[in-house]
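Sequential numbering of the sequence shown, starting at 1, is according to the UniProt record's numbering.
Just so it is clear, CB atoms sit at the ideal spot from N, CA and C, and this is done for glycine as well.
All values derive from a computational prediction rather than experimental measurement.
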Amino acid sequence: MPKFELLLADADGTLLDFHAAEYAALHEACALHDVPLDDERAASYKAINESLWRALERGEVTQQALRTLRFSRFLESLGLERDPERLANAFTDALAMHAEEIEGARAFVAAAAARVPVIVVTNGIASVQRSRFARTPMSRYFSGCVISGEVGFSKPDPRILFKALEMGGVAAERALMLGDEPTSDIAAARAAGVKSCWFNPTGRRNQTPHTPDFEVRALDEVLAWL
Numbered sequence: 001m002p003k004f005e006l007l008l009a010d011a012d013g014t015l016l017d018f019h020a021a022e023y024a025a026l027h028e029a030c031a032l033h034d035v036p037l038d039d040e041r042a043a044s045y046k047a048i049n050e051s052l053w054r055a056l057e058r059g060e061v062t063q064q065a066l067r068t069l070r071f072s073r074f075l076e077s078l079g080l081e082r083d084p085e086r087l088a089n090a091f092t093d094a095l096a097m098h099a100e101e102i103e104g105a106r107a108f109v110a111a112a113a114a115r116v117p118v119i120v121v122t123n124g125i126a127s128v129q130r131s132r133f134a135r136t137p138m139s140r141y142f143s144g145c146v147i148s149g150e151v152g153f154s155k156p157d158p159r160i161l162f163k164a165l166e167m168g169g170v171a172a173e174r175a176l177m178l179g180d181e182p183t184s185d186i187a188a189a190r191a192a193g194v195k196s197c198w199f200n201p202t203g204r205r206n207q208t209p210h211t212p213d214f215e216v217r218a219l220d221e222v223l224a225w226l
């Protein structure tokens, strides 16, 4: 069984419960700007947002443009005239206050950090991610964070992993990338020459061409390789 000297971990969907944070922040932002919201409309926003993040991964849209474009499209789908920039600002401000954790993530990170350095590699707006990390006790176990909004490129661009490897002082073949998205986390790892582990708690079918080296249902399974 291989043993690695550095763990590179995705944040949202792997350590932090982004779906819970997104849902709460969306409700807060919509309430502030008088945008009626129910579960169906929240699902519509989520689909629009996820589609744009996939476009970001393909290099078709910038992160700065995505920030507002998702709300422009959401408001258009609702037939409402609101300022998408103001709604975007309210959403990101609210999201920065939410750091709900994936169940078991804190105990896992503590155990992993006792064995190897743990560096978080995340796509996202820097100010939002930094604020969220400051609000989760598990951040005490991080040896560092590489955020796309700070370095200028997003997963699956391998350069974001190269930054993390440089920070950790470990060669690519001695690091393991853990994440929940094949199109970003697994693709970035393969492009960077880093072994990858797909965190797939619900047993999703991988319908992408990006095949992980390992797959786990529970985070603590990863400890066997550290």
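| Query | Result |
| --- | --- |
| Chain B within 8 Å of Leu15, Cβ atoms only | In the displayed structure, chain B is absent; only one protein chain is listed. |
| C-beta contact flag for Ala134 and Pro156 at 8 Å | no |
| His19, buried or exposed, once every other Cβ within 10 Å from all chains shown has been counted against 16 | exposed |
| For Phe214: DSSP bridge partner residues | Cys197 |
| Of the listed residues Leu178, Met138, Asn200 and His210, nearest to residue 253 (C-alpha basis) | Past the boundaries of the shown model lies residue 253; the chain is included only from 1 to 226, so the question cannot be answered. |
| Reduced DSSP secondary structure (H/G/I, E/B, other) of Glu181 | coil |
| Contacts around Arg73, its chain only, beta-carbon distance under 7 Å, and the 5 residues preceding and following it disregarded | Ile48 |
| Assigned secondary structure, Ala175 (DSSP; H/G/I helix, E/B strand, else coil) | strand |
| Gly149 - DSSP class collapsed to helix/strand/coil | helix |
| Neighbourhood of Glu100 by C-beta, 7 Å cutoff - its chain only, sequence neighbours within 5 removed | Leu16, Asp17, Ala20 and Ala21 |
| Coil, strand or helix - residue 238 by DSSP | Because the chain in this structure spans residues 1 to 226, residue 238 falls outside the shown range and cannot be described. |
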